[in-house]
Structure formats: structure tokens, C-alpha cells
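Numbering (the numbering used here), first residue to last: 2 to 302.
Backbone N, C-alpha and C define an ideal beta-carbon position, used for all residues, glycine too.
Note that the structure is a prediction, hence the values are computed from the model and not measured.
Step one of this worksheet: look at the structure below.
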Amino acid sequence: MDQHLRVFVTVVEKGNFSRAAEELHMTQPAVSQYIKLLEQTYGEQLLDRSNKYVRLNKAGEIVYAHAKEILGLYTKMQRLLDDLANRATGHLSIGASYTFGEYVLPHYIARLHEQFPLIKPSIVIGNSKEIAELVEGHQLDVGIIEGELQNNQLSIEAFAEDTMYVVASAQHRLAQQIDEVKLSDLEEETWIIRELGSGTRAATEKIFHSLSIKPKDVMEFGSTQLVKESVESGLGLTFLSHLAIRKESAMGLLKTIAVKDTPFKRKFSIVLRTSFKTKALEVFIDLLKEDPSLSTVIKRP
2 MDQHLRVFVT
12 VVEKGNFSRA
22 AEELHMTQPA
32 VSQYIKLLEQ
42 TYGEQLLDRS
52 NKYVRLNKAG
62 EIVYAHAKEI
72 LGLYTKMQRL
82 LDDLANRATG
92 HLSIGASYTF
102 GEYVLPHYIA
112 RLHEQFPLIK
122 PSIVIGNSKE
132 IAELVEGHQL
142 DVGIIEGELQ
152 NNQLSIEAFA
162 EDTMYVVASA
172 QHRLAQQIDE
182 VKLSDLEEET
192 WIIRELGSGT
202 RAATEKIFHS
212 LSIKPKDVME
222 FGSTQLVKES
232 VESGLGLTFL
242 SHLAIRKESA
252 MGLLKTIAVK
262 DTPFKRKFSI
272 VLRTSFKTKA
282 LEVFIDLLKE
292 DPSLSTVIKR
302 P
């Protein structure tokens with residue numbers, strides 16, 4: 002049955018039977034037969050078909066969501082069995098929130114490859130909520146998120162601390178001030194913030210609450226890089242990790258602003274769905290915990 006589900010998922014993700022057949026190294030009639038048998042098994046049509054595309058119907062959406070989880074469990078089970086040979090090898094799917102994933106994770110992956118070259122990592126970057134959901138659905142072996150998260154289905158363990166600042170273009174009038182900026186000045190500025198579900202967005206809302214400020218103008222963007230580019234162009238202020246602005250600060254493009262109750266501290270956390278760990282996952286987690294100072298990791302040659 003796992004092969005039937007694998008074929009079904011591939012057809013859905015490739016959008017038609019011919020591309021799925023090519024991906025699976027099968028003939029198109031064989032792919033069609035697998036889908037037909039799967040539909041007969043469940044007694045439901047799962048796909049709406051045309052000459053150009055296939056689309057999920059309501060029944061197909063249910064099967065697709067569970068098929069992804071089931072196939073993830075099959076893969077994890079096989080890797081655990083392979084680990085009986087006691088070698089750190091094989092595929093490792095890692096998810097990370099934007100700040101950690103884009104500015105810190107590459108340094109860990111380089112060290113992982115150097116020490117354990119038989120481990121083959123794949124990386125997914127998303128906001129903290131998205132990463133946690135993928136781990137919960139067995140589509141990722143491990144997630145790394147920022148900020149706080151409550152989920153009884155997941156194991157969540159903080160392993161490092163992050164520092165966040167109010168950030169402006171180096172040419173911004175508030176960036177020229179030596180003393181702390183007045184809260185009333187912050188309220189008058191345009192703020193560039195991340196989308197809901199982002200750990201950086203949650204931290205931003207916390208700092209707004211703690212300072213009791215309500216900015217008059219807020220723009221919401223879906224990536225840290227877009228936020229930085231907008232702030233650098235003088236569009237407004239933002240609230241970001243020092244990890245995300247290291248290069249721009251060194252180049253004199255962005256500057257942190259002295260504000261009451263900042264810098265703000267938050268945690269990076271490891272997110273797991275199960276207590277069973279492959280050798281590859283164990284060594285990766287050990288690597289994360291080896292040195293809690295992210296700055297030290299980044300600076301290492």
C-alpha cells in the first residue's frame with residue numbers, strides 16, 4: 002500500500018500522470034493503474050482529471066494529507082532500522098525558521114558535512130508555525146524555531162539565546178541619536194514587520210506590548226530579506242535579530258537604535274515529534290547543543 006500512496010502523492014505534486022511517471026521511472030499506464038486501485042480500495046474518486054491536469058477533490062485532500070504523514074513514518078522507520086548498523090548516515094530533513102535557517106543553519110550544515118559526510122541533509126525554511134506543523138506531520142525530522150510555542154504533540158527544547166534590536170537605516174534621523182529614542186517617536190514611524198506565525202512577528206508584538214506603543218503605520222512582509230531591504234531604503238523601522246543584520250551593520254547600511262527595554266532576548270528551540278532518533282538526527286542535535294553561543298558558531302572557520 003505504501004507504493005500506491007507514493008504514486009498518488011507524486012501525481013498530486015507533479016500535477017499530471019506523465020510527469021509523475023517520469024519522476025517514478027514508470028510507464029504512464031502503470032501510474033494510472035496504481036491510482037485506479039487506490040480509488041477502488043477506498044471506494045472514492047480521489048482526483049478530478051482533465052487532459053491537461055489532475056486536481057484533488059475533497060476525498061483526495063484527506064488521503065493526500067494522511068499519505069504524506071504515513072510516508073514520512075515509513076521513511077523514519079526505515080532509517081531507524083538502518084541505524085542498527087550504528088552509523089550516522091542517510092537522509093536528514095531539517096526545518097528552520099527564517100532567522101536561524103538563513104543566517105545560522107548554513108554554518109551548522111557545513112560542520113555536519115565536515116564531520117559526518119555520509120549524512121545527506123535537506124533544508125526547509127519557513128516561519129516558526131509552518132516548521133512546527135511540518136514536524137508534527139512527520140514531514141520533517143527536526144525543526145528549529147524562534148520564540149515560544151505550545152504544542153502537546155511536540156517536544157520543544159530551548160538550546161540557544163538570540164538578541165533582538167530596533168533597527169533603522171543608518172541614514173534615518175533616529176539612528177543619529179545617541180540617547181534613547183522617545184517612545185512617542187517610535188509610534189510616529191512606519192514599522193515593517195513579519196507575517197503572523199513568524200517568531201520575529203511574535204517578538205515584535207511583545208516589544209510593542211511591553212513598551213505600550215501602537216504604531217500608526219504598519220507594513221507586513223513575508224521574508225526577513227524583504228524587511229531589511231525596505232528598512233535600508235528608509236521606508237521605516239523594524240525589529241530584528243542581531244544575527245540577521247550582521248553584514249548590513251558591518252557595512253554601515255543598518256543601525257540599531259537605543260530604545261527602552263531593548264535589546265530583547267528570545268530563545269531558539271529544537272522541535273521533535275518523537276523520542277525515536279536516527280543516528281543522523283542524534284549527531285545533528287548534539288552539534289546544535291555543543292556550543293550555545295551562536296556567534297561563536299558563525300565565526301568559526
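**Request:** Would you check if there are 3 or more beta carbon pairs closer than 8 Å linking the stretch 273 to 282 to the stretch 181 to 196?
**Result:** no
**Item:** Cut-off 6 Å between Cβ atoms - residues of its own chain near Ser231, not counting five sequence neighbours on either side
**Value:** Ile193
**Prompt:** Taking C-alpha atoms, which residue in Tyr43, Lys53, Pro30, Val284 lies nearest to Lys15?
**Reply:** Lys53
**Prompt:** Is the number of C-beta pairs between the stretch 98 to 111 and the stretch 26 to 40 that are closer than 8 Å three or more?
**Reply:** no
**Asked** Is it right to say Ile208 is buried, meaning 16 or more other beta carbons lie within 10 angstroms of its own, or is it exposed?
**Response** buried
**Item:** the stretch 250 to 270 contacting the stretch 154 to 167, beta-carbon criterion three pairs below 8 Å
**Value:** yes
**Request:** Give the single residue among Val228, Gly44, Ala171 whose Cα lies nearest to the Cα of Ser250.
**Result:** Ala171
**Asked** To the nearest whole angstrom, what separates the beta carbons of Ile74 and His139, a pair I think is in contact under 8 Å?
**Response** Note on residue identity: the sequence assigns Leu, not Ile, to residue 74. For a cut-off of 8 Å, the C-beta gap from Leu74 to His139 is around 5 Å, short enough to register as a contact.
**Message:** Does the contact criterion of 3 or more C-beta pairs under 8 Å hold for the stretch 236 to 253 versus the stretch 193 to 205?
**Reply:** yes
**Prompt:** According to DSSP, what are the bridge partners of Pro122?
**Reply:** Leu93
**Prompt:** So, helix, strand or coil for Lys37, using DSSP?
**Reply:** Helix.
**Request:** Tell me whether Met318 is buried or exposed, calling it buried when 16 or more other Cβ atoms sit within 10 Å of its Cβ.
**Result:** Past the boundaries of the shown model lies residue 318; the chain is included only from 2 to 302, so the question cannot be answered.
**Message:** Less than 8 Å between the C-beta atoms of Ile281 and Thr76, yes or no?
**Reply:** The residue asked about is misnamed: residue 281 is Ala in this sequence, not Ile. Their beta carbons are not under 8 Å apart, which means Ala281 does not touch Thr76 by this criterion.
**Prompt:** Whose CA, out of Ser213, Thr225, Asp287, lies closest to the CA of Asp262?
**Reply:** Ranking Ser213, Thr225, Asp287 by Cα distance to Asp262 puts Ser213 first.
**Item:** Limits of the unbroken beta strand (DSSP E) element including Glu147
**Value:** 143 to 147
**Message:** Just verifying my parser: in three-state terms, what is the DSSP assignment at Phe209?
**Reply:** helix
**Item:** Same chain, Cβ closer than 6 Å to Val10, five either side skipped, listed in chain order
**Value:** Ala68
**Asked** Can you tell which of Val136, Asp142, Asp3 has the C-alpha that lies nearest to the C-alpha of Gln154?
**Response** Val136
**Item:** Secondary structure, beta strand (DSSP E): runs of 3+ residues fully inside the stretch 9 to 69
**Value:** 48 to 50, 55 to 57
**Asked** Pick from Thr164, Ser129, Tyr166: whose alpha carbon is nearest that of Gln151?
**Response** With distances taken between Cα atoms, Gln151 lies closest to Ser129.
**Request:** Look up Met220 in the DSSP assignment and give the residues it is bridged to.
**Result:** Ile193
**Request:** Find out if the Cβ-Cβ distance for the pair Pro122, Ile110 is shorter than 8 Å.
**Result:** yes
**Coarse secondary structure for Asp180, derived from DSSP in three states** = coil
**DSSP-derived helix/strand/coil call for Ser234** = Taken through DSSP and simplified to helix, strand or coil, Ser234 comes out as coil.
**Prompt:** If you draw a straight line from the alpha carbon of Ala31 to that of Asp3, how long is it in whole angstroms?
**Reply:** 15 Å
**Prompt:** Leaving out five residues before and five after Glu70 in sequence, what residues of the same chain have Cβ atoms less than 6 Å from its Cβ?
**Reply:** The residues are Gly138, His139.
**Asked** For Ile214, does the three-state DSSP call read helix, strand or coil?
**Response** coil
**Within 8 Å, strictly: CB atoms of Thr257 and Val168** = yes
**Asked** With 16 as the cutoff for other CB atoms within 10 Å, does His114 come out buried or exposed?
**Response** exposed
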